[in-house]
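**Student:**
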Amino acid sequence: MPTMYEPDLVPAPRSVVPGAGRFVLGAATALDAGPGAEGAAHRLRALIGAATGLPLPPSAGDAGGRGEGGGALRLYVDGRVADELGPEGYRLRVTDTGVDLRGGAAPGLFWGVQTLRQLLGPDAHRRAPLPGRTWSLPHVTVEDAPRFPWRGFLLDVARHFTPKDGVLRWIDLLAAHKLNVLHLHLTDDQGWRLEIRRFPRLTEVGAWRRRTRLGHRASPLWDECPHGGFYTQDDVREIVAYAAERHVTVVPEIDVPGHSQAAIAAYPELGNTDVPGGADAAPEVWTDWGINPNVLAPTEIVLRFYEGVFDEVLELFPGEFVHIGGDECVKDQWRASPTAQARIAELGLDGEDALQAWFVRHFDRRLAERGRRLVGWDEILEGGSGRADLRLSPGAVVSSWRGHAGGIAAARAGHDVVMCPEQQVYLDHRQDAGEDEPVPIGYVRTLRDVHRFEPVPPELAGTEAEQHVIGAQANLWTEVVEDQQRADYQAFPRLAAFAEAVWSPPGARDWEGFERRMVRAHYARLDALGVAYRPPSGPRPWQRRPGILGRPLDGPPPAL
1 MPTMYEPDLV
11 PAPRSVVPGA
21 GRFVLGAATA
31 LDAGPGAEGA
41 AHRLRALIGA
51 ATGLPLPPSA
61 GDAGGRGEGG
71 GALRLYVDGR
81 VADELGPEGY
91 RLRVTDTGVD
101 LRGGAAPGLF
111 WGVQTLRQLL
121 GPDAHRRAPL
131 PGRTWSLPHV
141 TVEDAPRFPW
151 RGFLLDVARH
161 FTPKDGVLRW
171 IDLLAAHKLN
181 VLHLHLTDDQ
191 GWRLEIRRFP
201 RLTEVGAWRR
211 RTRLGHRASP
221 LWDECPHGGF
231 YTQDDVREIV
241 AYAAERHVTV
251 VPEIDVPGHS
261 QAAIAAYPEL
271 GNTDVPGGAD
281 AAPEVWTDWG
291 INPNVLAPTE
301 IVLRFYEGVF
311 DEVLELFPGE
321 FVHIGGDECV
331 KDQWRASPTA
341 QARIAELGLD
351 GEDALQAWFV
361 RHFDRRLAER
371 GRRLVGWDEI
381 LEGGSGRADL
391 RLSPGAVVSS
401 WRGHAGGIAA
411 ARAGHDVVMC
421 PEQQVYLDHR
431 QDAGEDEPVP
441 IGYVRTLRDV
451 HRFEPVPPEL
461 AGTEAEQHVI
471 GAQANLWTEV
481 VEDQQRADYQ
491 AFPRLAAFAE
501 AVWSPPGARD
511 WEGFERRMVR
521 AHYARLDALG
531 VAYRPPSGPR
541 PWQRRPGILG
551 RPLDGPPPAL
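Going by this note's numbering, 375 is the number at position 375 of the sequence shown; the sequence numbering is gapless.
Pasting the structure below:
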């Protein structure tokens with residue numbers, strides 16, 4: 001008698017009812033796609049067909065045929081699933097006759113395809129078939145839908161550039177984990193990564209730095225090799241289209257008014273030219289880490305310049321959300337600048353914090369007029385002083401990074417919130433306290449810590465404001481993450497745990513079960529995908545970075 005099989009799915013679905021048999025796929029297994037399921041069928045044939053070598057021909061009308069190597073994979077958009085589980089929900093049933101996959105809409109079907117891929121075993125994540133494999137699926141019924149609509153990952157391409165092919169690879173990895181937002185941090189003091197045709201020096205000058213600090217900013221070591229790169233506008237169109245096929249939204253971030261030295265190096269008139277040692281000193285693209293004092297000047301020249309930048313950004317990124325940063329803006333230059341002080345007086349503002357609020361609100365309104373929604377770090381809540389003209393628009397979204405407090409305040413004020421507290425889900429923070437951990441930064445955040453991350457703080461749970469927590473995001477900043485292997489190490493396996501925290505309902509999250517699923521199947525899936533993750537036993541010899549200074553913080557992270 002067949003034994004019952006419990007599938008090792010990551011993230012954990014809402015409901016799994018295992019059966020007692022298996023459906024065997026073969027050359028005669030057909031792929032039957034109903035109206036609206038064409039995209040999911042294309043992705044299924046591309047992913048599973050490549051890994052198995054099976055042709056998965058269109059159904060010839062006998063979708064219910066029995067027999068080993070026959071049967072069919074049937075994909076349908078189902079209004080009942082949409083009503084009960086939403087557009088990202090799906091129902092998957094495997095029986096002797098094949099697979100019946102029904103999604104609330106195209107996204108739900110696509111996530112169901114990812115589940116089907118996991119059910120086939122780790123080798124189904126390879127790009128070509130291995131010899132001697134027999135492909136089968138366990139009899140099972142899965143009902144599933146995500147907990148949050150925003151399940152994000154930030155990739156900082158400004159500090160260390162990720163080439164286009166690397167970004168496409170990240171999109172595939174996110175999709176495999178049912179994550180649906182890629183936040184690209186495109187500009188910072190250390191580099192400008194997006195071609196803006198009306199301002200070519202942003203990439204001619206701003207995309208390159210002459211050297212790079214190795215390790216934390218207190219490190220005495222330097223990499224003297226110039227570093228840089230940028231995405232052409234056609235690169236971006238390709239990235240956005242590739243992501244859309246996989247139901248991943250790309251959110252661009254253009255940082256203002258701080259974190260802007262690369263732009264000022266390219267166009268010095270953007271800086272505070274009336275401050276000694278400011279933009280008049282012709283700063284270079286920054287080679288160091290930390291918070292740079294060179295910030296944008298609050299002038300009409302700067303507003304018009306960035307209006308032009310955002311006009312091109314909106315042409316390239318059709319999604320609803322545009323991130324403008326808004327964090328860590330050092331006000332020293334504004335305090336010393338006659339031009340900035342004149343602007344404060346002209347607008348009747350209450351100091352430099354209000355000046356930043358005015359700057360942010362300018363682009364908030366401009367994006368809203370164009371049907372987009374501004375997203376900013378939680379500093380965008382500051383400086384309004386109760387003035388109506390300095391309030392965020394109702395559609396503005398807050399990324400709560402300095403703990404939960406900013407997100408709580410924003411949600412109570414009626415703004416949607418993406419929770420990404422540094423102390424919990426910054427993946428550049430170290431994974432263990434051991435001495436072999438490469439370039440240790442921040443607090444220890446283990447796989448278990450990330451798995452138990454709760455996006456909804458207890459202060460909001462059960463209140464009307466809870467509905468404004470639209471999701472969460474894991475952020476990977478790359479000051480000490482210099483290439484793909486380092487990024488893989490910092491992100492995985494913790495990104496798999498994060499995916500479960502934002503997809504699975506709290507009742508389906510179980511650390512012991514997650515750990516078993518990782519060991520029994522998911523590490524092997526990551527191996528098949530070529531991910532250089534951190535092993536449970538600790539870093540491999542080539543993953544270490546001996547002698548490169550980090551900045552570890554001891555003890556548990558503060559609750560903010």
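Cβ coordinates follow ideal geometry from the N, Cα and C atoms, glycine included.
Can you find the residues in the same chain that come closer than 6 Å, C-beta to C-beta, to T141, ignoring five residues on each side of it along the sequence?
**Tutor:** Along the sequence shown, read from residue 1 onward, the residue named residue 141 stands at position 141. Excluding residues within five positions, the ones whose Cβ falls inside 6 Å are V17, R93.
**Student:** How should S537 be labelled, buried or exposed, when 16 other C-beta atoms within 10 angstroms of its C-beta is the threshold for buried?
**Tutor:** Counting from 1 along the sequence shown, the entry for residue 537 is found at position 537. So S537 ends up on the exposed side.
**Student:** Would you say F230 reaches chain D, if we count a Cβ-Cβ gap shorter than 7 Å as a contact?
**Tutor:** Within the model displayed, chain D is absent; a lone protein chain is all it includes.
**Student:** Suppose you measure from the CA of A474 to the CA of F153; what does that come to, to the nearest Å?
**Tutor:** Walking along the sequence shown from the start, residue 474 turns up at place 474. Walking along the sequence shown from the start, residue 153 turns up at place 153. Using only the alpha carbons, I get a separation of about 5 Å.
**Student:** Which value, in whole angstroms, describes the spacing of the CA atoms of E88 and W477?
**Tutor:** What you label residue 88 is simply residue 88 of the sequence shown in a count that begins at 1. What you label residue 477 is simply residue 477 of the sequence shown in a count that begins at 1. Computed Cα separation, rounded: 29 Å.
**Student:** On the DSSP bridge assignment, give the partners of V17 in chain order.
**Tutor:** In the sequence shown, counting from the first residue as 1, residue 17 sits at position 17. In DSSP, V17 forms a bridge with T141.
**Student:** Is F321 helix, strand or coil by DSSP?
**Tutor:** As a position in the sequence shown, residue 321 is number 321, starting the count at 1. DSSP places F321 in strand when its eight states are reduced to three.
**Student:** Am I right that V481 and A487 are in contact with their C-beta atoms under 8 Å? What's the rounded C-beta distance?
**Tutor:** Walking along the sequence shown from the start, residue 481 turns up at place 481. Walking along the sequence shown from the start, residue 487 turns up at place 487. Going by Cβ atoms, the distance from V481 to A487 rounds to 5 Å, so yes, they are a contact pair.
**Student:** Along the alpha helix (DSSP H) that carries Y242, what are the first and last residues, could you check?
**Tutor:** Against the sequence shown, residue 242 aligns to sequence position 242. Its alpha helix (DSSP H) spans residues 233 to 245.
**Student:** Helix, strand or coil for H42, going by three-state DSSP, please let me know.
**Tutor:** To locate residue 42, count along the sequence shown from 1; it is residue 42. Helix.
**Student:** Are the region 330 to 344 and the region 206 to 226 touching by the rule of at least three beta carbon pairs closer than 8 Å?
**Tutor:** Result no; under three Cβ-Cβ pairs closer than 8 Å.
**Student:** Please state whether DSSP places I254 in a helix, a strand or coil.
**Tutor:** Along the sequence shown, read from residue 1 onward, the residue named residue 254 stands at position 254. Strand.
**Student:** Which stretch, first to last residue, makes up the beta strand (DSSP E) that contains G121?
**Tutor:** Numbered from 1 along the sequence shown, position 121 holds the residue referred to as residue 121. First-last for G121: undefined, no H or E at that position.
**Student:** Going by the beta-carbon positions, is the gap between P107 and E500 smaller than 7 Å?
**Tutor:** Counted from its first residue, the sequence shown places residue 107 at position 107. Counted from its first residue, the sequence shown places residue 500 at position 500. Going by C-beta atoms, P107 is not nearer than 7 Å to E500.
**Student:** Quick check on Y267: does DSSP put it in helix, strand or coil?
**Tutor:** Here residue 267 corresponds to residue number 267 of the sequence shown, with the count starting at 1. If DSSP states are grouped into helix, strand and coil, Y267 belongs with coil.
**Student:** Buried or exposed for Q467, please, with buried defined as at least 16 other CB atoms from any protein chain shown within 10 angstroms of its CB.
**Tutor:** Residue mapping note: residue 467 aligns to position 467 of the sequence shown, counting from 1. Classification of Q467: exposed, given that the 10 Å Cβ count is below 16.
**Student:** By alpha-carbon positions, which one of W289, E315, C420, L47 ends up nearest to P252?
**Tutor:** In the sequence shown, counting from the first residue as 1, residue 252 sits at position 252. Closest option to P252, Cα to Cα, is E315.
**Student:** Per DSSP, what kind of secondary structure is D156 in: helix, strand or coil?
**Tutor:** Locating residue 156 in the sequence shown gives position 156, where the first residue counts as 1. If DSSP states are grouped into helix, strand and coil, D156 belongs with the strands.
**Student:** Rounded to the nearest angstrom, what separates D416 and A465 at their Cα positions?
**Tutor:** Looking up residue 416 in the sequence shown gives position 416. Looking up residue 465 in the sequence shown gives position 465. Distance between the alpha carbons of D416 and A465: 9 Å.
**Student:** Taking 7 Å as the limit between beta carbons, can you name the residues of its chain near A354, skipping five residues before and five after?
**Tutor:** As a position in the sequence shown, residue 354 is number 354, starting the count at 1. Once the five neighbours on either side are set aside, the close Cβ partners of A354 are G383, S385, L390.
**Student:** Using only the alpha-carbon positions, how far apart do R237 and F363 sit?
**Tutor:** Taking the sequence shown and counting its residues from 1, the one referred to as residue 237 is at position 237. Taking the sequence shown and counting its residues from 1, the one referred to as residue 363 is at position 363. Answer to the nearest angstrom: the Cα atoms are 23 Å apart.
**Student:** At the level of alpha carbons, what is the spacing between V250 and A472?
**Tutor:** Position 250 of the sequence shown, counted from the start, is the residue given in the question as residue 250. Position 472 of the sequence shown, counted from the start, is the residue given in the question as residue 472. Whole-angstrom Cα-Cα distance: 15 Å.
**Student:** Do the CB positions of P146 and W503 come within less than 7 Å of each other?
**Tutor:** The sequence position of residue 146 within the sequence shown is 146, counting from 1. The sequence position of residue 503 within the sequence shown is 503, counting from 1. It is a contact, given that the beta carbons lie within the stated cut-off.
**Student:** Taking 6 Å as the cut-off, does the CB of E464 come closer than this to any heavy atom belonging to the ligand PLP?
**Tutor:** Looking for the ligand PLP in the displayed structure turns up nothing, as the structure carries no ligands at all.
**Student:** Give a yes or no on whether the C-beta atoms belonging to A297 and G326 are separated by under 7 Å.
**Tutor:** Residue 297 sits at position 297 when you count from the first residue of the sequence shown. Residue 326 sits at position 326 when you count from the first residue of the sequence shown. No, the Cβ-Cβ distance between A297 and G326 is not below 7 Å.
**Student:** Are the CB atoms of A158 and V205 within a distance shorter than 7 Å?
**Tutor:** Within the sequence shown, numbered from 1, the residue matching residue 205 stands at position 205. Within the sequence shown, numbered from 1, the residue matching residue 158 stands at position 158. No, these two residues do not count as a Cβ contact at 7 Å.
**Student:** How should A396 be labelled, buried or exposed, when 16 other C-beta atoms within 10 angstroms of its C-beta is the threshold for buried?
**Tutor:** Position 396 of the sequence shown, counted from the first residue, corresponds to residue 396. Buried is the call here.
**Student:** Could you pull the start and end residues of the beta strand (DSSP E) that H259 belongs to?
**Tutor:** One-based indexing of the sequence shown puts residue 259 at position 259. Run containing H259: none; DSSP gives neither H nor E here.
**Student:** If you measure between the beta carbons of R412 and D378, is that distance less than 7 Å?
**Tutor:** Here residue 412 refers to the residue found at position 412 when the sequence shown is read from its first residue. Here residue 378 refers to the residue found at position 378 when the sequence shown is read from its first residue. No, they are not a contact pair.
**Student:** Determine the closest residue to V323 out of V275, N294, V418, W289, with distance taken between C-alpha atoms.
**Tutor:** For this step, residue 323 is matched to residue 323 along the sequence shown. This sequence places His at residue 323; Val is not what is there. Of the candidates V275, N294, V418, W289, the one whose C-alpha sits nearest the C-alpha of H323 is V418.
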